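So the sequences go chain by chain: L and P.
Sequential numbering of the first sequence, starting at 1, is according to this note's numbering.
Sequential numbering of the second sequence, starting at 353, is according to this note's numbering.
What follows is a set of notes on a single structure, which appears directly below.
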Amino acid sequence: MKTLLVLFSALSILWSTLSMAAPVWFGDLKATRTLRINSSLDLASFAPLLERFVALHPDVRVSYLDVNTLELYQKTIQEKDHPSASLVISSAMDLQLKLVNDGYVQTYRSQATEQLPSDAKWRSQVFAFSLEPVVMLVNKDQFPGKLPEDRQDLLRAIRQYEKQMTGRIGTYDIRKSGVGYLLASQDARQADATWGRLIEAFGSHKLQTYCCTHQIIDDVASGKLVVGYNLLGSYASQRARVDSRLEMILPKDYTLMIRRVALIPKKAANVEDAGLFLDFLLSDEVQGMMQTKALLFPIRPDVTPVITPYVVEATGPKRAIELDQQLLVGRDYAKQRRFIKSWEVALEINDK
Amino acid sequence: MWLKSLQHPRATEGSLDEEREALKRAPSLRFRLIGIGCLVISIIAALSINFVFDYSRRLADLSYDRLLRSALLQMDENVGLINDEVSIDIPWSAFATLAQANEDKVFYKVESSAQGFITGYKDLDMTPPQKTTYDKIQFFNREYSGEMVRFAFLERHLTEPDATGTVRIILGQTRLSREELASAVTQRAVDIVLMIALVAIALIVIGSHLVLRPLQRIERVLEERSPGDLTPLDIKTPKETHHLKVAINHFMSRLQDNLEQLEHYTADAAHQLRTPLAGLRALAENARDQTSPERQYQALEDIVNQCDALSQTVTLLLNQAVVSHRMQTRYREPIDLLLPIAASCREQAVTALHQGVHLSLDTELEHAMVLGDAFALQQMMQNLIENAVRYSNQGEQQAAEVVVTIAEFAAYYQVQVIDHGEGIPEAEKERVFERFYRGRYDIAGSGVGLAMVKDIVDHHSARIRILNTQPKGTTFQIDIAKFQMGVTE
């Protein structure tokens with residue numbers, strides 16, 4: 001069992017390093033149409049959906065390029081005149097919304113998008129297809145004392161077990177990860193004082209920063225880290241289910257909820273298939289598949305009557321990040337600079 | 353008679369066709385009413401829709417500008433010195449306010465006079481359309497990134513102790529929600545306006561039908577009448593057509609009167625002519641049967657006289673017909689009263705003299721202008737003088753003089769025809785003006801002369817009185833108003 005897990009994680013590392021460089025292809029080589037997707041989603045969660053898609057549409061070949069959220073944003077702007085992808089999928093809602101606000105996105109309307117609730121889309125240009133909690137992932141074997149239920153518990157544990165915790169807390173580098181910045185800025189918005197204390201505690205205990213979720217999860221699993229903070233629920237839950245060392249915690253004080261959103265760049269080629277794929281993502285079948293195959297938390301959990309772990313059941317209040325103009329505030333030039341600066345100061349990062 | 357009745361249906365057919373043609377050409381009151389009504393309503397509807405378009409847009413701007421203003425003020429509140437430089441910490445609530453305009457993009461820019469660009473969209477044009485007034489928010493529409501954007505602009509002096517100069521904030525949102533609200537309001541208003549217009553047009557159509565229905569009813573009732581029926585219309589009509597009904601009834605009663613008059617006149621004329629004709633026949637028979645040439649000559653002389661009398665009667669009847677026609681046409685003009693009076697005196701003088709009566713006109717006036725019909729007045733005088741002469745001639749003692757006088761008073765002229773005959777008994781004075789009344793049947797006369805006089809006097813709004821001449825005889829006295837320039841009727 002363990003060897004299989006190690007093999008799995010090794011494979012996934014290999015997969016993701018490969019996918020950073022070159023796209024992964026799905027579907028028949030002889031297919032007449034090509035749909036290119038740039039996405040920040042881990043392929044492990046997405047591959048079954050892509051395979052299902054090419055099975056349904058054998059004349060479409062899909063290329064899937066895994067890109068970090070921040071790079072994805074920059075890439076989309078750079079390629080504004082000749083977008084390489086027809087569909088851009090990211091969990092960095094704020095960057096996606098800013099792309100819409102700044103006019104890099106085209107409108108798409110279909111029966112499926114019209115059925116979406118209004119808080120799951122904006123201007124019919126950006127569409128949410130999943131809603132998942134932002135969680136803490138703990139290594140049960142390594143965590144000293146009682147497992148934390150909320151951020152206050154985490155703070156207490158850090159103070160109480162300084163030795164065991166130092167250098168063993170991991171979260172995103174908000175300078176490198178778009179979604180990491182979004183989650184941090186939302187934390188600061190939701191509970192400024194808690195956030196201040198938390199970042200201060202992180203700073204004085206050698207916080208480890210990462211670009212990508214799966215690396216944090218890997219390090220938590222291997223015991224290099226005790227706790228990973230602000231991780232995307234779908235990845236954490238996937239791993240926690242097959243790895244008994246891992247425990248996923250939805251903070252009781254408040255649980256942030258994040259939507260993964262897709263958009264079609266303005267001058268994208270093959271808009272038809274991009275729309276087709278979007279409709280496919282929102283279809284009852286795929287929404288149900290996300291749940292039953294434990295891939296993602298669907299935006300419409302009501303389509304499957306089966307109770308699965310992929311329905312968010314937080315014990316505390318849920319704070320869904322709104323998909324609207326408010327996201328622009330977090331990405332305000334002056335605010336962003338100050339926020340990153342104060343983050344760097346708190347973490348005692350002087351350079352870079 | 354049978355010929356006439358044969359022609360009758362043909363003529364009716366032809367006139368029916370003509371009527372149909374005329375009906376086709378005639379403008380329809382109803383369609384004209386409906387047409388004008390529709391036109392007016394369309395114009396009003398168009399104006400109000402135009403107004404609503406404008407108004408709903410202003411209304412939408414008014415409500416959404418409040419959001420924009422609120423967001424701008426929240427931003428402005430958070431401008432200050434942060435880490436020794438002027439900066440802004442945009443509050444989340446500011447954009448939560450803007451998020452009430454669901455799908456509208458947001459653009460903004462903040463800059464200070466000292467530092468230049470602080471945050472926001474660098475390429476946003478910050479120059480406001482009007483001259484800047486510090487601390488006063490300006491709203492305007494301007495295109496940005498391919499869309500029409502509503503901007504709010506504010507410039508103010510920095511109040512922090514270490515800061516100098518001004519800070520400028522511009523905040524804009526696209527117009528989607530505004531247009532949506534405006535078109536929702538407009539749609540509703542347009543629906544209402546169109547509905548009202550349709551109802552109004554329907555009311556006009558129904559109303560025009562209702563208004564014209566009494567006319568059609570009157571028309572039908574008249575249409576269905578038998579040819580000789582001139583009795584008043586007896587149908588219930590609304591107030592608006594009441595006068596029409598009354599006018600028709602008056603007209604019909606006048607027509608009835610005229611017809612009756614004509615009937616009487618015809619009967620009288622026949623009667624008038626039959627008596628002298630019978631006399632003529634008797635005289636002619638007498639002449640035929642006479643053997644002595646002298647007697648025969650005498651009989652023929654009588655026939656000639658009788659013919660003169662007959663001719664006179666016919667003339668009188670004709671004149672009366674002309675006068676009554678003229679009076680129906682109500683023709684009057686300024687004339688000199690002396691002329692018809694003098695003319696009739698001249699005409700009668702010789703005839704009177706034949707009967708041994710001396711006729712004289714006695715006046716000192718040179719002119720006597722009145723408003724009237726010269727022919728009718730002359731007929732009137734002729735009748736009066738004839739009458740006077742005729743009655744002078746009767747009785748044991750023959751009166752030898754008839755005098756006509758004209759005198760001037762302040763407002764009228766007084767004409768008198770004075771004879772010295774037997775006079776008229778008081779009881780009969782009232783009745784002499786009645787048509788076909790004849791005081792004495794032994795004296796020749798039509799019985800219509802004085803009735804005609806009365807008609808002519810009435811027609812001229814004058815007054816006639818019968819006085820006694822002293823010691824005996826009758827005076828007819830007529831007062832007729834002077835003609836004054838400027839006063840016509």
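The beta-carbon is built from N, C-alpha and C at its ideal position, and this holds for glycine as well.
Quantities reported herein were computed from a predicted structural model and do not represent experimental measurements.
Near residue i, which residues of its chain fall below 7 Å by C-beta distance, leaving aside the five closest residues on each side in sequence?
i, result
"Q160(L)", "G145"
"L433(P)", "E512, D514, A515"
"D794(P)", "Summary for D794(P): the model assigns pLDDT 49, below 50, so the residue's position carries little reliability, and this model does not support an answer."
"K834(P)", "M721, V722, A763, Y764, Y765"
"L736(P)", "V769, V805, F828"
"E370(P)", "none"
For residue i, return the contacting residues in chain P, with the cut-off set at a CB-CB distance below 8 Å.
i, result
"L328(L)", "F447, V458"
"L159(L)", "Residue identity check: residue 159(L) is Arg in the sequence provided, not Leu. By Cβ distance, chain P contributes nothing, its closest Cβ being about 29 Å from R159(L), past 8 Å."
"Q106(L)", "What Q106(L) touches in chain P: nothing, since even the nearest Cβ is about 12 Å away."
"I118(L)", "The sequence shown places Ser at residue 118(L), not Ile. Under the 8 Å cutoff, chain P gives N454."
Flag residue i as yes if its beta-carbon sits less than 8 Å from any beta-carbon of chain P, otherwise no.
i, result
"D332(L)", "yes"
"R338(L)", "yes"
"G228(L)", "no"
"A346(L)", "no"
"I349(L)", "no"
"S45(L)", "no"
Using a Cβ-Cβ cutoff of less than 6 Å, which residues in the same chain neighbour residue i once the five nearest sequence positions on both sides are dropped?
i, result
"I776(P)", "T826"
"N745(P)", "Q707"
"Q734(P)", "S696"
"V431(P)", "I440, V519"
"N230(L)", "V134, T171, L183"
Should residue i go down as buried or exposed, given a rule of 16 or more other Cβ atoms within 10 Å for buried?
i, result
"V345(L)", "exposed"
"A240(L)", "buried"
"Q680(P)", "exposed"
"R520(P)", "buried"
"V598(P)", "exposed"
"I830(P)", "buried"
"I587(P)", "exposed"
"L50(L)", "buried"
"R377(P)", "exposed"
"P148(L)", "buried"
"H811(P)", "buried"
"R61(L)", "buried"
"K457(P)", "buried"
"N610(P)", "exposed"
"A446(P)", "buried"
"R337(L)", "exposed"
"T69(L)", "buried"
"R410(P)", "exposed"
Name the chain L residues whose beta carbon is nearer than 9 Å to that of residue i?
i, result
"G472(P)", "D332, Y333, A334"
Can you check whether the C-beta of residue i is within less than 8 Å of a C-beta belonging to chain L?
i, result
"I521(P)", "no"
"A515(P)", "no"
"E531(P)", "no"
"L546(P)", "no"
"S439(P)", "yes"
"I434(P)", "yes"
Apart from the five residues just before and just after residue i, which ones in its own chain have a Cβ nearer than 8 Å to its Cβ?
i, result
"K2(L)", "Model confidence at K2(L) stands at a pLDDT of 46, short of 50, so the residue's coordinates are unreliable and nothing is read from them."
"T665(P)", "Q624, L625, P628, S798"
"L328(L)", "D94, L97, K98, N101"
"A268(L)", "P83, A85, S86, L87, Q106, A274"
List, in chain order, every chain L residue whose beta-carbon is nearer than 8 Å to that of residue i.
i, result
"S497(P)", "D102, G103"
"L450(P)", "Q325"
Under 7 Å Cβ-Cβ, which residues of chain P neighbour residue i?
i, result
"R189(L)", "W444"
"W122(L)", "E455"
DSSP has residue i in a bridge; who is on the other side?
i, result
"M290(L)", "Beta-bridge pairing links M290(L) to no other residue."
With a cut-off of 8 Å, does the C-beta of residue i fall near any C-beta of chain B?
i, result
"E463(P)", "Given the protein chain composition of this structure (L and P), no chain B is represented."
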